[in-house]
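Student: Starting off with a structure, shown below.
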Amino acid sequence: MSGLTTPSIIPFPRLRPWLLAVPVLLLVAYLVLMDNGAVSQTGAFLHELMHDGRHLLGVPCH
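UniProt numbering puts the first residue of the sequence shown at 1, with every later residue one more than the last.
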């Protein structure tokens with residue numbers, strides 16, 4: 001059993017940025033790719049911004 005190693009523990013300060021960034025990136029991806037105005041009801045500007053973002057990424061939206 002000389003090839004076995006113990007797993008290393010990831011320290012929380014190195015993990016914290018990922019724990020904060022991943023939910024924010026998922027929310028942005030949802031708003032741009034799939035929202036179609038269901039959540040982003042803050043006005044025409046945001047709706048058009050998300051709509052143009054879908055076209056820029058090549059996602060069909062209409």
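By construction, the Cβ of each residue, glycine as well, lies at the ideal position given by its N, Cα and C atoms.
Over the uninterrupted alpha helix (DSSP H) stretch that includes residue 74, give me the two end residues.
Tutor: Any property of residue 74 remains undetermined from this structure, which presents the chain solely from 1 to 62.
Student: How many angstroms separate the CA atom of residue 44 from the CA atom of residue 54?
Tutor: Numbered from 1 along the sequence shown, position 44 holds the residue referred to as residue 44. Numbered from 1 along the sequence shown, position 54 holds the residue referred to as residue 54. Between residue 44 and residue 54, the C-alpha separation is close to 15 Å.
Student: Do residue 47 and residue 61 have their CB atoms nearer than 8 Å?
Tutor: To locate residue 47, count along the sequence shown from 1; it is residue 47. To locate residue 61, count along the sequence shown from 1; it is residue 61. Contact flag unset, no.
Student: Are residue 33 and residue 59 closer than 8 Å when you measure CB to CB?
Tutor: Along the sequence shown, one-based indexing puts residue 33 at 33. Along the sequence shown, one-based indexing puts residue 59 at 59. Taking 8 Å as the Cβ cut-off, residue 33 and residue 59 qualify as a contacting pair.
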